[in-house]
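A.B. asks:
In our numbering, the protein residues as written are 90 to 261.
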């Protein structure tokens with residue numbers, strides 16, 4: 090890891106998840122203020138649960154999944170902590186990091202049709218992936234469409250009743 094930190098030239102480097110301690114490490118080289126030579130390293134360990142809690146609060150869906158993978162497809166953060174540091178195939182068979190490029194696609198994941206949204210994080214080192222079953226997503230759209238039709242129908246009926254009332258009061 091020292092070589093990776095040195096090659097980064099002072100930029101922060103995020104490493105994968107340690108499945109035993111369930112931590113994610115981030116480190117960087119510390120340079121001397123006087124001559125910019127390397128003075129040492131700093132490495133910080135973050136609890137994976139803290140990162141998971143941030144994006145888990147989105148509550149975009151009920152039956153879907155959301156997780157973070159590195160560029161090799163290893164899980165960095167996921168609700169099932171036993172899967173940390175394993176490959177994406179264990180969670181979403183049929184998806185590879187290469188098939189996702191900050192897009193919104195339809196894919197067959199584990200034999201079920203899903204919408205898959207991805208976004209790069211951490212200067213392209215990681216991807217956050219959300220998997221939403223199409224039937225749930227489309228069900229929400231159908232319920233919304235039905236609600237709009239009911240509201241429009243109620244407004245038309247109300248307008249008709251008001252116009253009848255006004256026309257009766259004028260005709261008397």
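The beta-carbon is built from N, C-alpha and C at its ideal position, and this holds for glycine as well. Since the model is a prediction, treat every value here as computed from it, not as a measurement.
Look up residue 232 in the DSSP assignment and say whether it is helix, strand or coil.
C.D. replies: It is helical.
A.B. asks: Among 170, 207, 201, whose alpha-carbon lies nearest the alpha-carbon of residue 185?
C.D. replies: Residue 207 holds the alpha-carbon nearest to the alpha-carbon of residue 185 among 170, 207, 201.
A.B. asks: Would a C-beta distance cut-off of 9 Å place residue 217 and residue 210 closer than the cut-off?
C.D. replies: yes
A.B. asks: Using a Cβ-Cβ cutoff of less than 8 Å, which residues in the same chain neighbour residue 112 once the five nearest sequence positions on both sides are dropped?
C.D. replies: 106, 134, 135, 136, 137
A.B. asks: Can you say whether residue 130 is buried or exposed, counting buried as having 16 or more other CB atoms within 10 angstroms of its CB?
C.D. replies: exposed
A.B. asks: Between which residues of its own chain and residue 156 is the CB-CB distance below 7 Å, once the five residues before and five after are set aside?
C.D. replies: 164, 166, 167, 180, 218
A.B. asks: Indicate the three-state DSSP secondary structure (helix, strand or coil) for residue 111 in the structure shown.
C.D. replies: coil
A.B. asks: Output yes or no for whether 9 Å exceeds the beta carbon distance between residue 162 and residue 178.
C.D. replies: Their beta carbons are under 9 Å apart, which means residue 162 touches residue 178 by this criterion.
A.B. asks: Would you say residue 213 lies against chain C (beta-carbon separation less than 9 Å)?
C.D. replies: Protein chains in the displayed structure number just one, and chain C is not present.
A.B. asks: According to DSSP, simplified to helix, strand and coil, what is residue 208?
C.D. replies: Assignment of residue 208 by DSSP, reduced to helix, strand and coil, places it in the strand class.
A.B. asks: Using beta-carbon positions only, say whether residue 99 and residue 119 come within less than 9 Å of one another.
C.D. replies: yes
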